[in-house]
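Asker: If you use our numbering, the sequence shown corresponds to residues 5 to 167, in order.
A virtual CB, placed ideally from N, CA and C, is assigned to each residue, including glycine.
Starting off with a structure, shown below.
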Amino acid sequence: MNKEEYKNIIEPVVNRNNCILWGIEILRGKKRQTLRIFIDSSNNSVDINDCENVSKDLGYEPLLDVNLGEDYILEVSTPGVDRKFFNIPQLAKYIGEELEFKTRELINGKRKFSGILVKCDENHFYVKNENKMDLLKFRFSNIDLCKLKPNYSKLIKEHSNEK
């Protein structure tokens, strides 16, 4: 099965639990596979109970057992503050935030980049680099890993304002 086929099984279960499927990772271990599922909500308020409910419901999906083997590990969690991005539409909500990412191939002698997300279109995202002078364009399909670089000062301030 490819990821799209897994998504077709998993997404309805996640949606029934009033959550959004953020991403899927399949890790192939020596003895057994791990199916890692990231769930979110429109207001980023997923908690441990949501993860538990999705995990229980997915335990009843026979197609997962058939394709992964009965001895697979299922992990359900939120994307977290350093969330990994699985597709371009996910980036749109984070314009103005800092990203860290690795390209599949060397670009000007390096693979690791970071910068402030300025905009994104159907296939590309644009960041201002460290010196905030250059606007750099990257094709999302050429990215090996892209994640949010948490702004802990901002998170602490937001958390303090909630109290």
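(1) Under 8 Å by Cβ, that's how I've got Asn-146 and Glu-102 pegged, so tell me the actual separation to the nearest angstrom.
(2) Under the rule that 16 or more other beta-carbon atoms within 10 Å means buried, what is Ile-111, buried or exposed?
(3) Please return the same chain residues whose Cβ sits closer than 6 Å to the Cβ of Val-85, not counting the five positions on each side in sequence.
(4) Among residues of its own chain, excluding the 5 on either side of Asn-19, which ones have a beta-carbon nearer than 8 Å to its beta-carbon?
(5) Going by the beta-carbon positions, is the gap between Arg-40 and Glu-29 smaller than 8 Å?
(6) Can you tell me whether Glu-17 is buried or exposed? The criterion is at least 16 other CB atoms within 10 Å of its CB, across all chains shown.
(7) Residues in the same chain with beta-carbon distance under 8 Å from Val-50, minus the five sequence neighbours each way, listed in chain order, please.
(8) Is there contact here, the segment 59-77 with the segment 32-39, by at least three beta-carbon pairs under 8 Å?
(9) Would you kindly work out how many angstroms separate the C-alpha atoms of Leu-159 and Gly-100, rounded to a whole number?
(10) Rounded C-beta distance between Leu-149 and Lys-88? I'm assuming under 8 Å.
Answerer: Short version:
(1) Actually they are not in contact, since the Cβ atoms of Asn-146 and Glu-102 sit about 20 Å apart, beyond 8 Å.
(2) With fewer than 16 other Cβ atoms within 10 Å, it is exposed.
(3) Excluding its 5 nearest sequence neighbours in each direction, Val-85 has C-beta neighbours in its own chain below 6 Å: Pro-154, listed in chain order.
(4) Setting aside the 5 residues that flank it on each side, Asn-19 is surrounded in the same chain by Leu-25, each with a C-beta closer than 8 Å to its C-beta; the list follows chain order.
(5) In contact: Arg-40 and Glu-29 (Cβ atoms closer than 8 Å).
(6) Before going further, note that residue 17 is Val rather than Glu in the sequence given. Classification of Val-17: buried, given that the 10 Å Cβ count is 16 or more.
(7) The residues are Cys-23, Ile-43, Asp-44, Thr-82.
(8) Taking 8 Å as the limit for Cβ pairs, the verdict is that the segment 32-39 does touch the segment 59-77.
(9) Leu-159 and Gly-100 have their C-alpha atoms roughly 15 Å apart.
(10) Taking C-beta atoms under 8 Å as the contact rule, Leu-149 and Lys-88 qualify, at a distance of about 7 Å.
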